[in-house]
Amino acid sequence: MTDVGQIQDTPQHRKSAAPLDLFADGEQHEREAQFAIYVYQSPIRAWHWLNMFCIIILCFSGYLIGSPLPTLSGEASDHYMMGYIRFAHFAAGQTMAVLFIGRILFAITGNKYAKELFSLPVYKKNWREGFVEQMKWYLFANNQAPQFVGHNPVAQMIMFFGFVLPAIFMILSGLALYAEGQGMGHWMYAFTNFMLLFFDGTLSIHVYHHLGMWVIICFVMLHLYAAFREEIVSRQSMISTMISGWRMFK
Ligand code: HEM
Ligand code: HEM
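So for the sequence shown, numbering that gives the first Met the number 0 puts the first residue at 0; every next one is plus one.
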């Protein structure tokens, strides 16, 4: 994240310049200045989209674990419906946990934008100013969007409280619930049974794990609204940046 309205524009970062164009009418027009900065490295982009697939599977299968479909007739082991739903949940859950550890490691080794997801620099004056500017833009109190290279401060805060903390909780509580099925001798039980210190038995872990799903669903709805809105009306690219890695500025 850089200062409000102040984009880091160094020759190494620039993909294209914006020269003046001579149009057919003989007049010189300034072509809409557009240049790009490489922001999201490939592991970040791969993590983002794989994580998205895991979350979609986890929300659907988790919802069905909490509110099961009507019982099918016949032997349960013949159709194995809940078995497949729970298997999908556990497979996606453990994939998400491994991907999350990978994302933490990449925050250490990646560029400065890779670290933003886990940091909240509220102690920086320009970050706080950027937050206020971005809020004004979201609340339609400003008619021009501020420009940021990495995440804007409001997105950074919502990602931290709406995704990073809930995701850590979902992984720990999910593994604690899973460990219960594995038995007390299992390494996962030894690793996650500290969760029982904070909760009144596994039933209450179930309840909070379930509530966590709705926190993440609220985050995803806000996130999609902001990503599509900013893609269309702000002065910088958004969704294409999470695909190619390059942020384009108008
Ligand atoms: C965004 C991530 C996740 C979401 C939205 C989610 C959602 C849910 C929901 C809604 C339930 C049903 C709770 C209930 O009403 O009793 C559930 C159960 C469960 N989840 Fe997750 N979960 C997530 C991540 C994980 C992870 C990372 C694991 C680890 C493997 C996991 C393992 C479990 C287990 C073991 C159960 C209990 C299954 C059972 O009792 O049959 N979950 N999950
Ligand atoms: C389950 C669904 C999703 C989750 C949990 C999610 C989560 C996240 C997270 C945690 C980041 C921060 C990435 C980082 O710094 O490492 C992010 C960034 C981003 N996501 Fe998603 N995402 C989801 C779906 C989507 C979808 C469907 C789109 C687009 C159609 C999208 C567009 C973006 C964009 C454009 C950014 C970069 C925003 C910026 O530069 O400030 N996301 N997302």
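Ideal Cβ positions, reconstructed from N, Cα and C, are used throughout, including at glycine.
Measuring straight from C-alpha to C-alpha, what distance separates residue i and residue j?
i	j	result
Met194	Phe99	19 Å
Ser76	Gly173	24 Å
Ala226	Phe168	25 Å
Asn50	Met95	6 Å
Phe271	Ile216	A question about residue 271 goes unanswered here, because the residues of the chain that appear run from 0 up to 249.
Met241	Ser41	9 Å
Ile238	Glu230	6 Å
Met187	Gln181	8 Å
Val97	Trp46	11 Å
Pro165	Ala140	30 Å
Glu179	Thr108	35 Å
Phe198	Gly161	21 Å
Val214	Tyr207	10 Å
Ala106	Pro67	38 Å
Glu74	Ala154	49 Å
Leu63	Lys249	45 Å
Phe86	Ser243	33 Å
Leu138	Val232	13 Å
Ser203	Gly101	29 Å
Thr70	His209	21 Å
Ala175	Gln93	12 Å
The beta strand (DSSP E) that contains residue i, what's its start and end?
i	result
Ala35	34-37
Phe139	Unbroken run through Phe139: none, as it is neither H nor E.
Determine, using beta carbons only, whether residue i and residue j come nearer to each other than 9 Å.
i	j	result
Glu128	Gly149	no
His78	Ile56	no
Gly65	His185	no
Val38	Tyr112	yes
Ala91	Phe34	no
Met156	His222	no
Val219	Ile54	yes
Ends of the alpha helix (DSSP H) at residue i?
i	result
Arg246	Note, Arg246: premise wrong, no alpha helix (DSSP H); beta strand (DSSP E) at 245-248.
Thr201	200-232
Val121	Unbroken run through Val121: none, as it is neither H nor E.
Leu116	Segment: none, Leu116 is in no alpha helix (DSSP H) and carries neither H nor E.
Val148	Element bounds for Val148: n/a, residue is neither H nor E.
Met250	The first residue shown for the chain is 0 and the last is 249, placing residue 250 beyond what the model contains.
Ser172	164-181
Tyr188	186-191
Gly101	80-108
Phe59	41-65
So residue i and residue j are in contact, right, with Cβ under 8 Å, and what is the actual spacing, rounded?
i	j	result
Ile36	Arg228	Incorrect: roughly 21 Å between the Cβ atoms, too far for contact.
Pro152	Phe117	That belief does not hold up - the Cβ atoms of Pro152 and Phe117 are roughly 15 Å apart, past 8 Å.
Ala144	Arg44	About 23 Å; that fails the 8 Å criterion.
Thr201	Leu171	13 Å between Cβ atoms; not a contact.
Met212	Gly61	5 Å
Buried or exposed: which applies to residue i, given that a residue is buried once 16 or more other Cβ atoms fall within 10 Å of its Cβ?
i	result
Tyr122	exposed
Asn142	exposed
Pro120	exposed
Ile103	exposed
Gln133	buried
Phe147	buried
Glu26	Interpretation of Glu26 is limited by its pLDDT of 49, a score under 50 that renders its predicted location unreliable; no figure is taken from the coordinates.
Ser236	buried
Phe189	Per the sequence presented here, residue 189 reads as Ala, with Phe not at that position. Answer is exposed; the Cβ neighbour count stays below 16.
Leu48	Reading off the sequence, residue 48 comes out as Trp, not Leu. Result: exposed.
Tyr177	buried
Using a Cβ-Cβ distance under 9 Å, would residue i count as near chain B?
i	result
Cys217	The structure shown has no chain B; it contains just one protein chain.
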